[in-house]
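A.B. asks: Below is one structure. I have some questions about it.
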Amino acid sequence: MLDQYLEELTQSSSGATVEQILSQIYSPPQPERSVATFNALPQKDPVLPSATVRVGVKHLDHLNYSIGELITNHNRQSLQTEQLQMTSKTLLNQIKQQRQLLSQLQDHLTRQASWLKQSYTGNPPGLHSKPPTRAAHKASKKNIDQTRSDFLARDYGSNAALIQSLVDHLMQLAETADAIDLLTRESNQTLEKQHQLLTSTQSALIESRMLPLGEIFGRFPNALQQLETLHNKPIALKLHGTEVLVDKAVAEKLFDPLLHLVRNAFDHGIESANARQQRGKPEKGQITISAYYQGRHLVIEVQDDGNGLDFDQIRQRAIEQQLISLEQAKSLNQDQLTDLLFEPGFSTVAQVSDLSGRGVGLDVVRNQLQSLRGLVMVESELHQGTTFKLQIPLSLTIAQLFVCEVGDKTYALLDDTVEQILIPLSSQIQERNGGKFLRWNQGADEKLAPIYSLTSILDYDAATPLPMSFQPPLSAKDSINPVIVIRCQDTLLGLEVDRLIGEQQLVIRPLGTMIGSPSYIHGATVLADGRLALVVDGAMLLHKVFDQQRVATINHHWAKSPSYSLPSSSERSLLPPSPELSTQPDTRILIVDDSITTRQSLTLTLQKAGYRVFQAQDGYEALEQFQRHTNIRLVICDIEMPRMSGFELLRNRQQIPLLANIPIVMLSSQSGNKHQMLASQLGATVYMVKPYIEHKLLAMVADLLEKFALNPTPERE
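Just so you know, the sequence shown maps onto residues 118 to 834 in our numbering.
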């Protein structure tokens, strides 16, 4: 009976829950039904437009930051719930195995008792000096057999009762394990609903601050139509990527440079109808505006099929305007000549017109792009056309990332650049001149994509700090490593990794400015198990590879760029000391924050500066850390935390003499004066508002440590 019950429990762990069954019986009304019902009602007065309010970008950024923290905590809780569910299933299986062992033991005892009863035929040693009579012997044997039978019955009954007690106990354990499994499945459903709410909230936030580029591009057709009528130059405008979303604040700054480029293409790029006919071109010129995402960047291209750039004319005009000397002009290549277009006041026409630049050059376009931390690039071919490419970084904070491992390092790749993930067959790998290539089939076409180990093309030689409890898994040496195929337009690159973890929605945090990061490093993220991972932009990494090593020399070894390499341990000793680095390697700092993202980020920042860092997720853990480590020199503490808040920690600190003179920095997202005043009254040394600036935080920490080393009770700031 118990076997059947345990079997049902084990099978039910993967079945539907009570909530799922109820949801099939009762389902809430669908939106279509509610609309149909509403339309059937008598018509009411028209609904007035909803009221609107102006919200600062800073508040939206704070909301976005909070959503990111919620997603990080959700990922961690989902992992813990999944581990708990696996543990409960393991417990059920172990209980089932224990029941089988008890059943075997019960059968064994039954067989043993039966064997003992049947096998006994001898007499026990007699107590009489003389042999008993035949009748007495028969009576004595009967009594002894009855006694032994009673003993065996009592012994067997005792063992059977003990086994039955264990069986009942296992039954209770099975019921408890099944209850735990049910709770974990219901918890998974709750987490899934929370994830849907977070996704909906994130989408609403994005919608509130983003708009499609079509609203910007839609202004250009009328402008070009007026120019076409005024200057009698037929023109066609094509728009691509009108659905691409862009931040409203960025969109407002994009219109002017785009309008300048469109008018510039119409004026300087597109030829007259007669000139186009003489060159065999269609009478109507064409300007194409395209927008698309490329990794972590928004790319907008303004392309025309006109004259193209005349580099000899650019060189001559630069000499006439005394921007370069005659000797310099002879040595300039096309890229350097293109850069001259963005010099203030530079123009290829002798007479200023009101059509394109109106006396203002492309330097204004570059300056406006630089204010958005963007770039402008030019590609041109004489008599074929010119393309101006604007590249603007996206402020991604939450994105789909594909997580993988190489050795003891963990990386997360932006999902939109991943074309495919595969474990290639030996027939798909081709070696040529010492290089490895992947045979990539696209229908009838076949391409060769170069394969590199991910770590071999990344410039970092220092491992990301990992939690002490984490031990990276070992990879089988005789297995074929997975390959992640990265695509950027028509270019493919294969990245060889050791282990695939999977696709996850993660929060991306920017890296600090103390160490310059390559263009292909988008930031860092905290995984569900607390590990830090660098976020890699596959498209930019691909550009980096092919910029360093062109297709003609792609079989040679990767040439590392020294500008981004982290110094090795031997090189670090030769570097001049940084004023922000700790002069005492054992200076201990305690971070108290319930956000694992904040703790890990602060830990990495302080460890890079030479400090030894301890962590606590609330005030209670902070007090425990104080008991373990009595030589903590400084505390960085949040305010809102479970169990014991930052304010409560300040109150408790005043009652402990050993902690009274330790400086405490309150780092909180609360920027109100009342929070700062209360923190100051409770003895906080400094109050800082999130998000913090890394170099300012390090300077403040060094200053406080110096002050409290000289004077244990300096004035509070």
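We put the beta carbon where it would ideally sit given N, CA and C, even for glycine. Computed from a prediction, not measured in an experiment: that's the story for all the values here.
(1) If contacts are defined as beta-carbon pairs under 8 Å, then T527 and T189 qualify, I think. What distance do you get, rounded to the angstrom?
(2) Keeping to the same chain, check which residues put their C-beta closer than 7 Å to that of A297; ignore five residues upstream and five downstream.
(3) Looking at the strands, I want to know which residues DSSP matches up with P510.
(4) Does the count of Cβ pairs from the region 395–415 and the region 354–368 closer than 8 Å reach three?
(5) Going by CA-CA distance only, name the one from L454, D480, K310 and Q453 that's closest to G462.
(6) What are the uninterrupted segments assigned as beta strand (DSSP E) that are 3 or more residues long and contained completely in the region 291–349, given in chain order?
(7) Are E755 and L784 closer than 8 Å when you measure CB to CB?
(8) DSSP has I625 in a bridge; who is on the other side?
(9) Could you check the C-alpha separation between Q211 and I184 for me, to the nearest Å?
(10) Given this structure, state the Cα-to-Cα distance separating E620 from Q724, to the nearest angstrom.
(11) Hey, I753 and I708 are a contact pair by Cβ (cut 8 Å); roughly how many whole angstroms apart?
(12) Using the Cα positions of Q451 and D422, report the straight-line distance between them to the nearest angstrom.
(13) Would I436 pass as a contact of L443 if the rule is Cβ separation under 8 Å?
(14) For G611, list the residues DSSP reports as bridge partners.
(15) Expressed to the nearest angstrom, what Euclidean distance is found between the alpha-carbon atoms of D711 and E498?
(16) When you compare the region 452–460 with the region 529–544, are there three or more beta-carbon pairs, one atom per stretch, that lie closer than 8 Å?
(17) Count Cβ pairs between the region 565–574 and the region 598–615 that sit closer than 8 Å; are there 3 or more?
(18) So, helix, strand or coil for H660, using DSSP?
(19) What residues match up with A408 in a beta bridge as DSSP calls it?
(20) Using a threshold of 8 Å, state whether the C-beta atoms of V482 and P374 are closer than that.
(21) Starting from the Cα of T198, find the closest Cα among A168, E309 and G402 and give me that residue.
(22) Counting pairs of Cβ atoms below 8 Å between the region 281–288 and the region 167–181, do you hit three or more?
(23) I need the straight-line Cα distance from L565 to K355, nearest angstrom please.
(24) What number of angstroms, rounded off, separates the C-alpha of I404 from the C-alpha of C605?
(25) Round the Cβ separation of P541 and L555 to the nearest angstrom and send it over; I've been treating them as touching at under 8 Å.
(26) Which residue wins for smallest C-alpha separation from R302, given the options M494, L201 and Q438?
(27) Should the region 210–227 be regarded as contacting the region 343–354, the criterion being three or more beta carbon pairs within less than 8 Å?
(28) Does the region 756–770 touch the region 806–821, meaning 3 or more C-beta pairs lie closer than 8 Å?
(29) If distances are taken between C-alpha atoms only, which option among T514, Q343 and I773 comes closest to G800?
(30) Which two residues bound the contiguous alpha helix (DSSP H) that contains I436?
(31) What first and last residue would you give for the beta strand (DSSP E) that runs through M783?
(32) On the CB-based measure, 16 or more other CB atoms within 10 Å of its CB, does K213 come out buried or exposed?
(33) To the nearest angstrom, how far is the alpha carbon of V653 from that of M494?
(34) For the alpha helix (DSSP H) containing S797, list its first residue and its last residue.
(35) Assign S497 to one of three DSSP states: helix, strand, or coil.
(36) For A368, I'd like the list of residues in its chain whose CB is within less than 8 Å of its CB, leaving aside the five on either flank, ordered along the chain.
C.D. replies: This is what the structure gives:
(1) That belief does not hold up - the Cβ atoms of T527 and T189 are roughly 15 Å apart, past 8 Å.
(2) Checking the sequence, you will find Ile at residue 297 rather than Ala. Taken in chain order, the residues that qualify are S205.
(3) H414
(4) yes
(5) D480
(6) 327–329
(7) The sequence shown places Asp at residue 755, rather than the Glu named in the question. Taking 8 Å as the Cβ cut-off, D755 and L784 qualify as a contacting pair.
(8) T642
(9) 40 Å
(10) 29 Å
(11) 5 Å
(12) 19 Å
(13) yes
(14) I568 and V602
(15) 57 Å
(16) no
(17) yes
(18) helix
(19) I417
(20) yes
(21) E309
(22) no
(23) 33 Å
(24) 24 Å
(25) 6 Å
(26) L201
(27) no
(28) no
(29) I773
(30) F428 to E437
(31) I781 to S785
(32) buried
(33) 23 Å
(34) N790 to Q798
(35) strand
(36) L328, L330, E332 and I333
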